[in-house]
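**Student:**
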Ligand code: P6P
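Residue numbers (our numbering): 1099 to 1432.
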């Protein structure tokens, strides 16, 4: 008998029966996010002909120019989660402040951090972009979530994932029991299981970084990246360079094929304070949960990303993530 395609809902309910920590509230959040993602996917795929193309004219909480689709995606994700009351608070890259729930969300046990549309500078050149999300169980008892509900370590995440808007629309998520991938069947509007148990290779042959920033990196990082380009039959070098400039695209490729993604600290500030670019709460943490669940590793160069205690919902960190042997080799050089 042909294997029935497994829908996201069926996968979530089946895992719940397998005692995964995926209670009905968390299932609702993941289904809400997938509903918003379908509508974002539709607008992304018609951006050139719709009225949502181009810059919105403002900047977001972390100083990036906002595209119209950034705001559309933000409003859709926030609106969907508030409308269903599935969360008691939201942190979004597109809003400097925490977003309060609807009253229906006061009794919810979960908060969501999200980058509603990551890589949006690539929208008008038709490159893969995505939505990244991270879910925590609240610490406060009831009512609107407090800042303390958000300022956690990544190890406390109960779910994390991303949607990619590309040749196909995919969802890759974890609730702490492995990583699964779903592909949107446009004809039925259902996310169907396409990658049952994603494991990343222990070592890859791809490196992803913006080499235009080489002069801003520290010496060990420069030496490590240069070493990837030299022949070394033992490690399968030289590696291949692949860099899209959308975190979800670069991470998704490396997750499936193996390799290392680096957005190292920028050491060019005369005050000497090295600065990361990517955001901890809604980029690095969810990516780090996924890669560890898939057998890989993620670090800021000093500690695992998931061990970093958040002090600001928009704080930035350096991010080196990918195949375990590749990340461990990088760390051994620091
Ligand atoms: P750069 C997109 O703006 C983003 O936040 C990530 O998706 C991506 O990995 C990174 O910035 C690209 O940064 O400096 O190489 O353009």
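Cβ atoms here follow ideal geometry from the backbone N, Cα and C, with glycine treated the same way.
Computed from a predicted structure; not experimentally measured.
Less than 7 Å between the CB of residue 1219 and some heavy atom of the ligand P6P, yes or no?
**Tutor:** Flag set: Cβ of residue 1219 near the ligand P6P.
**Student:** How far does the beta strand (DSSP E) with residue 1267 in it reach, from first residue to last?
**Tutor:** Counting along the chain, the beta strand (DSSP E) containing residue 1267 begins and ends at 1267-1272.
**Student:** Determine the closest residue to residue 1354 out of 1303, 1362, 1360, with distance taken between C-alpha atoms.
**Tutor:** When each option's Cα is compared against that of residue 1354, the closest is 1303.
**Student:** The beta strand (DSSP E) with residue 1263 in it runs from where to where?
**Tutor:** Here the beta strand (DSSP E) through residue 1263 covers 1255-1263.
**Student:** Closest to residue 1267 by CA distance: which of 1255, 1276, 1280 is it?
**Tutor:** Of 1255, 1276, 1280, the residue nearest in Cα terms is 1280.
**Student:** Residue 1154 by DSSP, collapsed to three states: which one?
**Tutor:** Three-state DSSP puts residue 1154 in a strand.
**Student:** From this set, 1134, 1329, 1149, 1295, which residue's C-alpha is nearest residue 1180's C-alpha?
**Tutor:** When each option's Cα is compared against that of residue 1180, the closest is 1134.
**Student:** Does the ligand P6P have even one heavy atom less than 7 Å from the beta-carbon of residue 1344?
**Tutor:** Answer for residue 1344: yes, Cβ within range of the ligand P6P.
**Student:** Looking at residue 1260 and the ligand P6P, is the gap between the Cβ and the nearest heavy atom below 7 Å?
**Tutor:** Result no, Cβ not under 7 Å from the ligand P6P.
**Student:** With a threshold of 6 Å on Cβ separation, who are the neighbours of residue 1389 within its own chain once the five nearest residues in sequence on each side are excluded?
**Tutor:** Cβ neighbours of residue 1389 beyond the five flanking positions: 1396, 1419.
**Student:** Shortest alpha-carbon distance to residue 1208 belongs to which of 1202, 1392, 1124, 1314?
**Tutor:** If we check each option's Cα against that of residue 1208, 1124 comes out closest.
**Student:** Give the list of continuous beta strand (DSSP E) stretches no shorter than 3 residues that lie fully inside the region 1345-1388.
**Tutor:** Complete beta strand (DSSP E) runs here, min 3: 1358-1361.
**Student:** Considering just the uninterrupted stretch of the alpha helix (DSSP H) at residue 1425, what are its terminal residues?
**Tutor:** Residues 1422-1431.
**Student:** When the Cα atoms are used, what is the spatial distance from residue 1380 to residue 1233?
**Tutor:** Computed Cα separation, rounded: 10 Å.
**Student:** Can you give me the C-alpha to C-alpha distance between residue 1352 and residue 1369, rounded to a whole angstrom?
**Tutor:** Going from the Cα of residue 1352 to the Cα of residue 1369 covers about 34 Å.
**Student:** Kindly indicate the opening and closing residues of the alpha helix (DSSP H) around residue 1134.
**Tutor:** Per DSSP, residue 1134 belongs to the alpha helix (DSSP H) from 1122-1143.
**Student:** Let me check understanding here. Comparing Cα to Cα, which of 1299, 1262, 1274 lies closest to residue 1289?
**Tutor:** Comparing Cα-Cα distances from residue 1289 to each of 1299, 1262, 1274, the minimum goes to 1262.
**Student:** What do you get for residue 1166, buried or exposed, if any count of 16 or more other CB atoms within 10 angstroms of its CB means buried?
**Tutor:** Classification of residue 1166: buried, given that the 10 Å Cβ count is 16 or more.
**Student:** For residue 1158, verify whether its CB is less than 7 Å away from any heavy atom of the ligand P6P.
**Tutor:** Not so, every heavy atom of the ligand P6P lies at least 7 Å from the Cβ.
**Student:** Which of helix, strand or coil does DSSP assign to residue 1293?
**Tutor:** Strand, per DSSP.
**Student:** Excluding the 5 residues flanking residue 1157 on each side, which residues of the same chain have their C-beta closer than 7 Å to its C-beta?
**Tutor:** Excluding sequence neighbours, residue 1157 sits near 1163, 1164.
**Student:** Given a threshold of 16 other Cβ atoms within 10 Å of its Cβ, counted over all protein chains shown, does residue 1282 qualify as buried or as exposed?
**Tutor:** Under this definition residue 1282 is a buried residue.
**Student:** Tell me the residue span of the alpha helix (DSSP H) that contains residue 1175.
**Tutor:** Per DSSP, residue 1175 belongs to the alpha helix (DSSP H) from 1166-1182.
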